[in-house]
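Protein chains in written order, with the numbering used here: chain P, 1085 to 1367; chain H, 2 to 248. Where a beta carbon is used, it is the ideal one built from N, C-alpha and C, also for glycine. Since the structure comes first, as structure tokens, the remarks are kept for the end.
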Ligand SMILES: Nc1ncnc2c1ncn2[C@@H]1O[C@H](COP(=O)(O)OP(=O)(O)OP(=O)(O)O)[C@@H](O)[C@H]1O
Ligand SMILES: [Mg+2]
């Protein structure tokens, strides 16, 4: 049971992170390789807010995504936006380079040992459910990620703003010819995807040590999740995120040796049988 | 009833041109496809661009919207020079574009497609009026946009630019590949829109259809307008036109 809960927690991070990647990929058509570093930045910004400014967890949960999202907006404006006319490979290389720079910078100033971040007092402790002990903070991670995922899905699939986004994903030139400012939409979408990564980072800060490599380790798995779910599908990213977290947890129960590789095995199988991913549109 | 009224009423309101294209050159990458297009459209007119396949009709509309890779010359709308503007700024001056491939979004349902183009000015048609013009769209408003029949998609592509307050409509071959009844319905709609004060530039290959809706016809060949024929003088020029169009 505990392993299943752990799987669900991991699934929550997979879901929020792969959702951000899917949102960015949908409109910008780039694979955001700095996503893991931006997740790490979210955790670090929360830590800095607390240790330098005395700003606690709850404000940080809003502020850190805003701050990191703003750096994403600047990055898109000054760098990424110049690359859209070129091959997608350039966007990939640029975001990969940015990730390395960010990780290097944080490693230089904060080392790799990891910084502690306390669980907020209001969420410490837990519930005894009879069959298991449920720590409050872990329950909160699941609730928060489900709410954020659902809100994002709703905004994209059911609102007018989302209709602009979906339309611009299909045919940006025509959407522009209707008078809509597509470049600004692209900038804000990138900022939003990055903010999602930072939000996951703040959620992670109290349970994983805040350290420069926390994103690099996680993001490899998240890319596998995205490949399995299929690029560019919002619901696909969410469902595969939680699903694979649970499968990983189950594997840990029944065949512990396989838990580290099960997602990659599934990825290989999916690539062989349905290369566009479970929820992907055939190219 | 509608047909009798409009075919006899070809009078055009006077005054300056609403759209004035001159010396328009256009390129797709390295390939130079427009070579000095010239024509004017007065307020309230329906003007067609006729020509063979590959003559440059679609390219002319795209160049007016700023959608070609590169364009030079002059495109004035209500006296404002637009040649250096981005497509979104051109649209916001009051031009609605209905592309040749219709451009219905598959990830949007019919109503979302209809509501997509933002309002850019007062005086667009209400949604009720658009559904009244195209009752099929009302019935199918929850369907995925691209699940509609070709004719319904065309109605949707026209309908969605009527809401926005754009007064100049650029329609690229709205009758292409459609059944005769649908073509008649679209013809009736265009005459109705003219009555409501819209100005229309219509790309057409179907001469009979063009003659049933337009005030004037501009003949496009090899990236230029090589002739202009008022609809009232169509009969006297029919052999010449058939020659241009190769029919
Ligand atoms: N995307 C493009 N890239 C390069 N050349 C193009 C492109 N689109 C059109 N052309 C070329 O530009 C010229 C004009 O094409 P255009 O589509 O404007 O013709 P048209 O009059 O609309 O023809 P049709 O009646 O077939 O729609 C043609 O020679 C065509 O091959
Ligand atoms: Mg054409």
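Less than 8 angstroms separating the beta-carbons of residue i and residue j?
i	j	result
residue 96/H	residue 167/H	yes
residue 164/H	residue 139/H	no
residue 1095/P	residue 1330/P	yes
residue 1306/P	residue 1101/P	yes
residue 26/H	residue 67/H	no
residue 1262/P	residue 175/H	no
residue 162/H	residue 99/H	yes
residue 194/H	residue 160/H	no
residue 1091/P	residue 1334/P	yes
residue 147/H	residue 105/H	yes
residue 47/H	residue 189/H	no
residue 1156/P	residue 1278/P	yes
residue 204/H	residue 173/H	yes
residue 222/H	residue 52/H	yes
Going by CA-CA distance only, name the one from the options that's closest to residue i.
i	options	result
residue 1127/P	1167/P, 1092/P, 1104/P and 1202/P	1202/P
residue 1119/P	1330/P, 1276/P, 1353/P and 1198/P	1276/P
residue 248/H	17/H, 54/H, 20/H and 140/H	54/H
residue 30/H	74/H, 236/H, 178/H and 69/H	69/H
residue 1291/P	1198/P, 1279/P and 1186/P	1198/P
residue 1286/P	1145/P, 1105/P, 1135/P and 1098/P	1145/P
residue 1205/P	1193/P, 1192/P, 1219/P and 1214/P	1219/P
residue 1/H	1268/P, 1248/P and 1153/P	The shown model of chain H, from 2 to 248, leaves out residue 1/H, and the question about it has no answer.
residue 1174/P	1339/P, 1113/P and 1284/P	1113/P
residue 152/H	145/H, 183/H and 124/H	183/H
residue 202/H	132/H, 78/H, 170/H and 180/H	170/H
residue 37/H	65/H, 188/H, 207/H and 18/H	65/H
residue 88/H	1148/P, 1265/P and 1348/P	1265/P
residue 1165/P	1192/P, 1108/P and 1085/P	1108/P
residue 58/H	42/H, 108/H, 34/H and 229/H	34/H
residue 1288/P	1353/P, 1328/P and 1224/P	1224/P
Taking the DSSP output, what are the residues bridged to residue i?
i	result
residue 82/H	77/H
residue 71/H	28/H
residue 110/H	145/H
residue 200/H	169/H
residue 1218/P	1211/P
residue 97/H	170/H
residue 23/H	75/H
residue 1151/P	Its beta-bridge partners do not exist; DSSP assigns none.
residue 229/H	219/H
residue 33/H	28/H
residue 40/H	22/H
residue 49/H	203/H and 218/H
residue 1294/P	1199/P
Please compile the residues from chain P whose C-beta is within a distance smaller than 9 angstroms of the C-beta of residue i.
i	result
residue 92/H	1260, 1261, 1262, 1263 and 1264
Find the residues of chain P that neighbour residue i, judging by a C-beta separation of less than 8 angstroms, and give them in chain order.
i	result
residue 121/H	1263
residue 104/H	1255 and 1258
residue 136/H	Result: empty, since nearest Cβ-Cβ is about 23 angstroms, beyond 8 angstroms.
residue 88/H	1257, 1260 and 1261
Determine the chain P residues that contact residue i at a beta-carbon separation under 7 angstroms, and present them in chain order.
i	result
residue 98/H	1261
residue 199/H	Going along chain P, no residue has its Cβ under 7 angstroms from residue 199/H, so there is no contact; the nearest lies around 17 angstroms.
residue 68/H	1257 and 1261
residue 113/H	1247
List, in chain order, every chain H residue whose beta-carbon is nearer than 7 angstroms to that of residue i.
i	result
residue 1166/P	None at all; the shortest Cβ gap to chain H is about 17 angstroms.
residue 1251/P	106, 109 and 117
For residue i, go through chain H and note every residue whose CB falls closer than 8 angstroms to its CB, in chain order.
i	result
residue 1321/P	Chain H residues near residue 1321/P: none, gap ~15 angstroms exceeds 8 angstroms.
Which chain H residues are close to residue i, counting only those with a beta carbon under 9 angstroms from its beta carbon?
i	result
residue 1375/P	Chain P is shown from 1085 up to 1367; residue 1375/P falls before or after that span and cannot be answered.
* To do: Collect the residues with a C-beta less than 7 angstroms away from any heavy atom of ligand 2 and give them in sequence order along the chain.
  => Residues with a Cβ closer than 7 angstroms to any heavy atom of ligand 2, in chain order: 58/H, 59/H, 101/H, 173/H, 174/H and 204/H.
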